[in-house]
Each structure stands twice: as C-alpha cells, then as structure tokens.
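For reference, the structure discussed in these notes is given below.
There are 2 protein chains.
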Amino acid sequence: MIDPIRSLDDLAPGQSWDLGTLSLPLAEVVAFAARFDPQYFHLDAEAAKESLFGELVVSGLHTLSAVFGHLMGSGLIAGISIGGNQIDSKWPAPLRPDEPVAVRVEVQEIRPSRSGRPLGIAKLRYTARRVADGVLVLDAVGTHFLRR
Amino acid sequence: MIDPIRSLDDLAPGQSWDLGTLSLPLAEVVAFAARFDPQYFHLDAEAAKESLFGELVVSGLHTLSAVFGHLMGSGLIAGISIGGNQIDSKWPAPLRPDEPVAVRVEVQEIRPSRSGRPLGIAKLRYTARRVADGVLVLDAVGTHFLRR
C-alpha cells in the first residue's frame, strides 16, 4: 500500500515511488486503438508483421493513459490532486500486449503558488519499464495542481 | 473528405487542415476516466461542483486520445504513418461532455531522414477549440514517422 501524500509541501524534487507493475491485455489494446489510434500495427497482429515494429504493439496513448490511471488509482496524490494542464510524453521503445511494465513516479519540480492560495504546481515524471529487460517504454512529465 | 497525404515530401511547415468537429458523450467520459483518470471531477457530476472546475469535465487524456483518433480516422496521414515517439500536450481550458470541438492539424516541422531511408519525421500540431466560443482546449505537438 502507498502512503498518500497529504500536501504539496510534503513533496521535494528527487523523491520517487515504485508503484508496482501493470500489463495491457490484447483485447484492451485493440479496443483502445480501434477508438483512439486506429493504425494497423495496433489492431491486426498479422498485418503488423509488415510494420516498423514487426509485430502488434500497444498504442503509446494507451500506455500513457494506463500508467496515469495506475498513478491516480494508487492513491498517492488522489487526495490532493486538483487538476493538471500539461503532459510531455515520450515512448522510447515499443510495448507488446501482456508485457508487464514497472511504474515509477518521481518529483521533478515543485512550485508553491505565489498568490497565497493553498495550492501549487508539481511536475511529476512517470516512467514505465519492461520488467523483462528494464527497457524504458514510457517517459512522461505531467504538470499537476496539488493542494497544500 | 480529406485528400490523403502521399509522402512526407508533400508536407511543408505551415500547412494545415480543418478536420471537422467531435464531442465526447458523458457515458464515454465517465468510462474513460474510470479506467484511465479516476478523479472525482471526471466521474461524479455532483461531487465535481466542489472542484476547481465547478462541474464534471473531460479527462485531458481522453480529449487528447479522441483528437488523435479523429486525426488517424480522417485518413490524412494514415497511409504514410509508420509510428511516433513523442507527444507534448497542453490543456489550456477545460472541456465539458457533449461540447463540440473543432479539430485542426498543422505541420510544424519536417525532417527527412539523413540515412537515405524512405521516411522522415514530421512534427504535427493538433488543436481542439470549443465550437461555441473558440476557446482552445487541446494544444498538442506529436512527433510522427512518415513515409516518403
């Protein structure tokens, strides 16, 4: 179990948390892609053999969304999260369906509001690495508004 | 109907396409958030009144994914898209369920491969503006690998 963060003021750059693992089953990979990223290398295992990836791979937006959902579902910041307005996301390597990834979140930057309001901005970096080989498949930085 | 792009070489910075409108129904907004962004202001209209937004709003990841799906579904680049490895996304203003947005895509940068391979990198900016008031709700730049 994760110990929830109670205030932006309890965060400092460099802190990090391992949030366990997740994997994305083929049926969800295909359903997500059909709606949000309809490209043949996310939809059709046979056709995907001819793609740059050589096989069916998870849509990067699916990986990002699942890791974000995993972070929110962990309870780490859910109690103080007010919203957010930016995510910069990179996918350095592909991810296959059913391949477990380890999720980690790290505090990159903290900016308490100067207006005196009881909130501030936290830049959080979330990463996902394939458990099998440690390869980074998601490297994202989100800008979160958190309560103090 | 959109005229599909046949090659990276047919693209130039500054070109843009209006891709029509989309909206996200409440049922999908809640289902997406339950799986990928379980925060009360995306899930519970009554509780969301107490949020920063004052009402239930669409998860930014849902807006991004829907706009991306709309772009891919338009056929504009589907025939030459090989993959991508980065999206930097901003959500300058909130979006409500069922609120129509106009989707636009613009060529920001083109880099043909120097290795002689028949592909290159296109940075495409996708935006979504609320039809009712023109307010920008999504401003994203994606790095796409496209065939030449």
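Sequence order for the protein chains is A and B. If you read the first sequence in the working numbering, its first letter stands for residue 119, the second for the next number, and so on. If you read the second sequence in the working numbering, its first letter stands for residue 119, the second for the next number, and so on. Here a beta-carbon is modelled for each residue, glycine too, at the ideal position from N, C-alpha and C.
Practice task
Reducing DSSP to helix, strand and coil, say where F159/A ends up.
Solution key: helix
Practice task
Find the residues of chain B that neighbour I100/A, judging by a C-beta separation of less than 8 Å, and give them in chain order.
Solution key: The structure shown does not extend to residue 100/A, since chain A spans only 119 to 266, so no value can be given for it.
Practice task
Sort out for me which residues DSSP pairs Q204/A with in a bridge.
Solution key: T261/A and K208/B
Problem - Interface flag, G138/B vs chain A, CB-CB below 8 Å - result: G138/B does not count as touching chain A.
Exercise for the section: Consider the C-beta atom of F159/B and the heavy atoms of the ligand HEM; say whether any pair is separated by less than 7 Å. Expected result: Within the structure as shown, the ligand HEM is missing, as the structure has no ligands at all.
Handout entry: Per DSSP, the bridge partner or partners of A240/A
Key = Per DSSP, I228/A and H262/A.
Problem - Reduced DSSP secondary structure (H/G/I, E/B, other) of A196/B - result: coil
Practice task
Kindly give me the distance between the Cβ atoms of L137/B and H180/B, rounded to whole angstroms, as I take these residues to be in contact under 8 Å.
Solution key: Contact flag wrong, Cβ pair sits at about 17 Å.
Exercise for the section: Taking L140/B as part of the beta strand (DSSP E), name the residues at either end of that continuous run. Expected result: S134 to L140
Practice task
Ignore the nearest five residues each way along the sequence and tell me which others in G193/A's own chain have a CB closer than 6 Å to its CB.
Solution key: Closer than 6 Å at Cβ, skipping near neighbours: I120 and P122.
Exercise for the section: Run down chain A in chain order and give the residues with a C-beta less than 8 Å from the C-beta of K208/B. Expected result: N203 and Q204
Exercise for the section: List the residues of chain B that R153/A touches, going by C-beta distances under 7 Å, in chain order. Expected result: G187, listed in chain order.
Handout entry: Residue-level contact to chain A via CB, I123/B, 8 Å cutoff
Key = no
Handout entry: Amino acids of chain B, ordered along the chain, whose beta-carbon sits closer than 8 Å to that of G191/A
Key = P156
Problem - Alpha-carbon to alpha-carbon, F186/B and E146/B - result: 16 Å
Handout entry: Boundaries (first-last residue) of the alpha helix (DSSP H) holding F171/A
Key = No alpha helix (DSSP H) holds F171/A; DSSP gives it neither H nor E.
Practice task
Count the other C-beta atoms from every protein chain shown that fall within 10 angstroms of the C-beta of R124/A, then say buried if there are 16 or more, exposed otherwise.
Solution key: exposed
Exercise for the section: Compare the Cα-Cα distances from P230/A to each of L264/A, G201/A and P156/A and report the closest residue. Expected result: L264/A
Problem - E173/A to G238/B span [Cα, whole Å] - result: 21 Å
Problem - 7 Å CB neighbourhood of G201/A in its chain, flanking five on each side removed - result: Result list for G201/A: F263, in chain order.
Handout entry: chain D contacts made by the region 160-182 of chain B, where a contact means CB separation under 9 Å
Key = Reference to chain D is not applicable here, since the protein chains of this structure are A and B.
Handout entry: Residue from G197/A, W135/A and A130/A whose Cα sits closest to the Cα of Q157/B
Key = Of G197/A, W135/A and A130/A, the residue nearest in Cα terms is G197/A.
Handout entry: Rounded separation between L242/B and E224/B - CA only
Key = 6 Å
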